[in-house]
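Report on one structure; see the data block that follows.
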Amino acid sequence: MMREMTSRKLSRQICRGLLLAVALLIAGAMNAQVTSERLKRAADEPQNWLTYSGGYMSQRFTALKQIDNTNVKNLELKWVFQAQSLQKFETTPLVVDGIMYLTQSPNDIIALDAKTGRAFWVYHYATAPEARPCCGIVNRGVAILGDTLFMATVDAHLVAVDARNGHAIWNDKLAEPAAGYAMTMAPLVVKDKVIVGVAGGEYGIRGFIAAFDPHSGKELWRFNTVPQPGEPGHETWRGDDWKHGSAAVWLTGSYDPDLNLTYWGTGNPGPDWNPGQRPGDNLYSDCVVALDPDSGKLKWYFQFTPNDPYDYDSVQIPVLADMDWNGAARKLMLWANRNGFYYVLDRTNGKFLTGGPFAKVNWASGLDAKGRPIPTPQPPGKPTFPGIQGATNWYSPSFSPRTGLFYISTWENYSTVFTGVDVDYREGLRYTGGANAAPIAGADNPAGQRSGPVNTYTEALGRGGVIAVDPHTGKRKWSFELHDVNTSGILTTASDLLFSGGREGYFQALDARTGALLLKINLGGEIIAGPISFEIDGKQYVSIASGNSYFVFGLRDAGN
Amino acid sequence: MLFLIQRSNARLWQRRKFAIMLAAALLLCTFASGVGRAQDRAPTYAPADIRYGSQIYAAQCAACHGPTGTQIGGVDLGGGQLRRATSDQDLRTVLANGIPGTAMPPFRFDPSEVTAIVAYVRNMRNFDSHAGLSGDAARGRAWFEGAGGCANCHRVNGKGPRVAPDLSEIGALRSADFLQRTILDPAGAMLPVDRPVRAVSKDGKVITGRRLNEDTYSVQLIDEEEHLLSLDKSKLREYTVLTTTTMPSYKGKINDQEMADLIAYLLTLKGLR
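The listed protein sequences derive, respectively, from chains A and B. Going left to right, the first sequence walks through residues 0 to 559 as numbering that gives the first Met the number 0 numbers them. Going left to right, the second sequence walks through residues 0 to 272 as numbering that gives the first Met the number 0 numbers them.
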């Protein structure tokens, strides 16, 4: 009897144990954390948007294809989030298992139900009053690891925030905001590290990229984008010029897990427009640097614009593509630079494979065999192509593995008359050294700043475009012309659609193979961000920031 | 003559009119100042706030204003004799902005600290630092994490469950008095947004959690497994917002010293700086 009771008890206990195990499994599945393995395999879960550029390859390509060229005209607005800010809205949100994490200026994070846009919580970060980001008090998004979000702030702090309840976990000050250091990028999480770089290239900062422990916020390594004495590359600076050499890092890098390398674009040397004040190549300004994420050690670099006189920041997103190159599979990096040239690099070693202009260029006659530009400085008072904002800028390009095309937002036929002037460094003040002008007297320059509802600049000063180039040659396959310049990022889909926007405020869907316009929706505010796509309950959404609002579109529900 | 009489009548009338207007103005002023005075100050100031304020005053204000608030000529804080501030709101403004051109600097105090300083200044003449109990934050933390059982539901600085509100910044946001009232009467002091909700979907699934947000058509909550959920009300069979709270009242379960310690601890939770 005793025995029988014991065995019954035991079986009951086993049953309970099994039930508990099943319950834990279910809870675990629902409660799945964003592991570094999930980040690595982000392409396998296209319902989510787990990193700034949609995955470590930074192709801003989604495998979702419910929205296609037969039904895209039926897209309807599902919800709008109105930011409590009048600053430029440059954010790319993350979408994790139905929750959207969106940032608004200066440094708020809002957790939203991605299906309805209703908020769960708001994290408000009190920005230091001395923050002085050059080009708008903006934030471009967050990164996630586990249950923690990471945000880089305009006063140069890195903050960890609990993704479930919006409370800060740690807060590191990386640099002095009063000296012009700022951060606007979404951090990059690689394995067990959070990696960020600092902006502030217009204040004579000294740029760096640094990695942090996600749990404690402890700094683990730092790579100086302007090498100090004793570091390789320092010899490319004269005297003390390096001390205010800038080489800011404005945008999120990419990562190749097989090579264990992260890739980062760096900005202009300081002062921006007066190269005579800083003779030499000014490494590692206007470069892509390949860093080991474990140690921060430089594996290789490639400089696009040595001794840059034009502010041709190389702050584009490094787009990684694995494709055939002259009959062999190669690990490539595709780069349409602000300087108007398109480059293909071997991302294992930084070797230049090919390159050429993708827009009108007259500052260089071409690239030599190693990819170094052959400068052709224009006479004083004459226009240089491309102008200050470049032939493209920081706007996310896209690569579609399906079409094999590389898509770029462009500023076409656009120039500036550059004049360098001497400038003294004073902490916290602009250190740009230029008196630049539009090539047509009295005309408004189509600067990269937000424009109002009336287009006030002269079309002779340039226009925008979305272009599709053959990555092997950089030659255009098609181009879609815009009247105003293009400040938008690009998304391509597995249904061969391309979503984009621009300063005019239209959200556009094009056929990624032909460039044909399939849909345009006037959102009424400049688009200065990249679109994303995600899926909830089997329904695909595409979304974009415009003006001061975030717009989410999906197909009309059947029966409505 | 007629003219003169008329003039003198007119003058008389003018005088009378002036007198009436003056009386009316005086009456209005008296009334207005009475009303103003009634609104100048809070009806009562909570002992917990006054005590907390006394500590902040000693650390931040006493160096210039002196222990009794009379060290600066012409200013008697406890006696209500201030140059630029009459109402509580004026005091708050002076604390936030300072007084340009004087030695009074702007302070970045938390809301809970501002409430406490104002409460103390209004009561500093009668405040007896020896009366009542002083709290010890370290003991309060031990009670919070141990005997009090608070840490079983509340999260602080990244540790603990998220089911109840995270208290990492509670000491900056809530006044000492509010905290004390919440501990004794959680349901009465609970913010509407934190109320427990219970929903039953049309297929019978029961969902319970803490409300984070709600509108006509949907409700957002964190459930007991700490998932963020957004529920479509049209897909629910039942939806109830409970006015009770899962937090127990500590009335009769916490002694005065424990309460003082607990409040002292909670007031140290200021979030990240």
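The beta carbon of each residue, even a glycine, is placed where N, CA and C say it ideally should be.
Problem - Chain-order list of residues whose beta-carbon lies under 6 Å from that of T34 of chain A (same chain, five-residue window excluded) - result: Within the first sequence, residue 34 of chain A is the residue found at index 35, counting from 1. For T34 of chain A, where only same-chain residues beyond five positions count, there are no Cβ hits under 6 Å.
Practice task
Mind checking who C60 of chain B pairs with in its DSSP beta bridge?
Solution key: To locate residue 60 of chain B, count along the second sequence from 1; it is residue 61. Partner(s): none; C60 of chain B has no beta bridge.
Practice task
Just tell me which of B:F106, B:H129, B:A150, B:V117 has its CA closest to the CA of G139 of chain B.
Solution key: For the purposes of this step, residue 139 of chain B is taken as residue 140 along the second sequence, with counting starting at 1. Cα-wise, what sits closest to G139 of chain B is B:A150.
Exercise for the section: Taking only beta-carbon positions, decide if W169 of chain A is within less than 9 Å of chain B. Expected result: Residue mapping note: residue 169 of chain A aligns to position 170 of the first sequence, counting from 1. At least one chain B Cβ lies under 9 Å of W169 of chain A.
Handout entry: Cα-Cα separation between G464 of chain A and V287 of chain A, rounded to whole angstroms
Key = Locating residue 464 of chain A in the first sequence gives position 465, where the first residue counts as 1. Locating residue 287 of chain A in the first sequence gives position 288, where the first residue counts as 1. Approximately 25 Å, taken between the alpha carbons.
Exercise for the section: Whole angstroms is fine: what's the gap from R83 of chain B's alpha carbon to P42 of chain B's? Expected result: Residue 83 of chain B sits at position 84 when you count from the first residue of the second sequence. Residue 42 of chain B sits at position 43 when you count from the first residue of the second sequence. In a straight line, the C-alpha of R83 of chain B is about 21 Å away from that of P42 of chain B.
Problem - Contacting positions in the segment 221 to 254 of chain B - beta carbon closer than 9 Å to chain A - result: Result list: I221, E224, E225, H226, L227, L228, S229, D231.
Problem - chain B contact for T115 of chain A (CB, 9 Å cutoff) - result: Within the first sequence, numbered from 1, the residue matching residue 115 of chain A stands at position 116. Yes, contact with chain B.
Practice task
Taking only the alpha-carbon atoms, compute the straight-line gap between F498 of chain A and D43 of chain A and give it to the nearest angstrom.
Solution key: On the first sequence, residue 498 of chain A is found 499 positions in, with the first residue counted as 1. On the first sequence, residue 43 of chain A is found 44 positions in, with the first residue counted as 1. So the two alpha carbons sit approximately 21 Å from each other.
Exercise for the section: Express the C-alpha separation of G295 of chain A and I204 of chain A in angstroms, rounding to a whole number. Expected result: Here the question's residue 204 of chain A lines up with position 205 in the first sequence. Here the question's residue 295 of chain A lines up with position 296 in the first sequence. If I take the Cα positions, the gap works out to 20 Å.
Problem - F177 of chain B - DSSP class collapsed to helix/strand/coil - result: Locating residue 177 of chain B in the second sequence gives position 178, counting from the first residue. Looking at F177 of chain B - three-state DSSP - the assignment turns out to be helix.
Problem - Spatial distance of T492 of chain A from S532 of chain A (CA atoms) - result: Locating residue 492 of chain A in the first sequence gives position 493, counting from the first residue. Locating residue 532 of chain A in the first sequence gives position 533, counting from the first residue. Straight-line Cα distance between these residues: approximately 8 Å.
Practice task
Evaluate S133 of chain B with the Cβ neighbour count: other Cβ atoms within 10 Å of its Cβ, from every protein chain shown; 16 or more gives buried, anything less gives exposed.
Solution key: Looking up residue 133 of chain B in the second sequence gives position 134. Its Cβ having fewer than 16 others within 10 Å, S133 of chain B is exposed.
Handout entry: Near the ligand GDP: R210 of chain B beta-carbon under 8 Å from a heavy atom
Key = The model depicted lacks the ligand GDP and carries no ligand whatsoever.
Handout entry: Start-end ranges of the beta strand (DSSP E) lying completely within the segment 439 to 520 of chain A, minimum 3 residues
Key = Along the segment 439 to 520 of chain A, the beta strand (DSSP E) occurs as fully enclosed runs of 3 or more residues at 462 to 468, 475 to 481, 490 to 492, 496 to 499, 505 to 510, listed in sequence order.
Practice task
Flag this pair as yes or no: are the beta carbons of A155 of chain A and A125 of chain A separated by less than 9 Å?
Solution key: Translated into the one-based positions of the first sequence, residue 155 of chain A becomes position 156. Translated into the one-based positions of the first sequence, residue 125 of chain A becomes position 126. Contact: no.
Handout entry: Identity of the residues DSSP links to F149 of chain A by a beta bridge
Key = Start at 1 with the first residue of the first sequence, and residue 149 of chain A comes out as number 150. F149 of chain A pairs with A:A142, A:A159.
Handout entry: Beta-carbon contacts of I489 of chain A that lie in its chain and below 8 Å, excluding the five residues immediately before and after
Key = For the purposes of this step, residue 489 of chain A is taken as residue 490 along the first sequence, with counting starting at 1. The answer, listed in chain order, is R59, Y394, S395, P396, S397, Y406, I407, S408, V465, L497, F498, S499, G529, P530.
Practice task
May I have the straight-line CA-CA distance separating G68 of chain B from D48 of chain B, to the nearest angstrom?
Solution key: The residue given as residue 68 of chain B occupies position 69 in the second sequence. The residue given as residue 48 of chain B occupies position 49 in the second sequence. Each residue's alpha carbon lies about 18 Å from the other.
Problem - Enclosing alpha helix (DSSP H) for T92 of chain B [first to last residue] - result: Residue mapping note: residue 92 of chain B aligns to position 93 of the second sequence, counting from 1. Start and end: 87 to 96.
Handout entry: Classification of I55 of chain B by the beta-carbon crowding that lies within 10 angstroms, buried from 16 upward
Key = Locating residue 55 of chain B in the second sequence gives position 56, where the first residue counts as 1. Buried: at least 16 other Cβ atoms inside 10 Å.
Practice task
Determine the extent of the alpha helix (DSSP H) in which G139 of chain B is found, giving its start and end residues.
Solution key: Position 140 of the second sequence holds residue 139 of chain B. Where G139 of chain B is concerned, the enclosing alpha helix (DSSP H) stretches over 136 to 144.
Practice task
Drop a sphere of 10 angstroms on the beta-carbon of I136 of chain A, count the other beta-carbons inside from all chains shown, and report buried for 16 or more, exposed for fewer.
Solution key: Locating residue 136 of chain A in the first sequence gives position 137, counting from the first residue. Result: buried.
Practice task
With 8 Å as the C-beta to C-beta threshold (strictly closer), list the residues of the segment 157 to 170 of chain B near chain A in chain order.
Solution key: G157, R161, D165, S167, E168
Handout entry: Candidates A:E36, A:T472, A:G433, A:S284, of which the one nearest D423 of chain A by Cα
Key = For the purposes of this step, residue 423 of chain A is identified with residue 424 of the first sequence, where counting begins at 1. That would be A:G433, whose Cα lies nearest to the Cα of D423 of chain A.
Exercise for the section: Give the straight-line distance between the Cα atoms of L178 of chain B and I262 of chain B, rounded to the nearest whole angstrom. Expected result: On the second sequence, residue 178 of chain B is found 179 positions in, with the first residue counted as 1. On the second sequence, residue 262 of chain B is found 263 positions in, with the first residue counted as 1. The alpha-carbon atoms of L178 of chain B and I262 of chain B are separated by roughly 7 Å.
Problem - Distance CB(G79 of chain B)-CB(R121 of chain B) smaller than 9 Å - result: Translated into positions along the second sequence, residue 79 of chain B becomes position 80. Translated into positions along the second sequence, residue 121 of chain B becomes position 122. Yes, they are a contact pair.
Practice task
With 9 Å as the threshold, decide whether the Cβ of I631 of chain A is near any Cβ in chain B.
Solution key: Summary: the structure shown does not reach residue 631 of chain A, with chain A confined to residues 0 through 559, and so no result is reported for it.
Handout entry: Buried versus exposed, by CB contacts within 10 Å (16 or more), P128 of chain A
Key = For the purposes of this step, residue 128 of chain A is taken as residue 129 along the first sequence, with counting starting at 1. Residue environment analysis places P128 of chain A among the exposed positions, since fewer than 16 neighbouring C-beta atoms fall within 10 angstroms of its C-beta.
Practice task
Compare the beta carbon distance of Y51 of chain A and A185 of chain A with 9 Å and say whether it is the shorter of the two.
Solution key: In the first sequence, residue 51 of chain A corresponds to position 52, counting from 1. In the first sequence, residue 185 of chain A corresponds to position 186, counting from 1. In contact: Y51 of chain A and A185 of chain A (Cβ atoms closer than 9 Å).
Handout entry: Length of the line joining the Cα atoms of L428 of chain A and W263 of chain A
Key = Walking along the first sequence from the start, residue 428 of chain A turns up at place 429. Walking along the first sequence from the start, residue 263 of chain A turns up at place 264. Near 26 Å, if we compare the C-alpha coordinates of W263 of chain A and L428 of chain A.
Handout entry: Closest residue to T304 of chain A among A:G370, A:A328, A:G326, A:V225 (Cα-Cα distance)
Key = On the first sequence, residue 304 of chain A is found 305 positions in, with the first residue counted as 1. Selected option, being the one with the closest Cα: A:G370.
Problem - Collapsed DSSP secondary structure at M29 of chain A in the structure displayed - result: Start at 1 with the first residue of the first sequence, and residue 29 of chain A comes out as number 30. With a pLDDT of 44 at M29 of chain A, under the threshold of 50, the predicted position of this residue should be treated as unreliable, and no value is reported.
Practice task
Answer yes if the segment 348 to 359 of chain A comes into contact with the segment 465 to 475 of chain A, meaning at least three C-beta pairs across the two stretches below 8 Å, and no otherwise.
Solution key: yes
Exercise for the section: Consider the Cβ of G97 of chain B: report whether some Cβ of chain A lies at a distance smaller than 9 Å. Expected result: Walking along the second sequence from the start, residue 97 of chain B turns up at place 98. Not one chain A Cβ lies under 9 Å of G97 of chain B.
Practice task
Step through the CB atoms of chain A and report whether any lies within less than 9 Å of the CB of R154 of chain B.
Solution key: Numbered from its first residue, the second sequence carries residue 154 of chain B at position 155. Yes - at least one Cβ of chain A is within 9 Å of the one on R154 of chain B.
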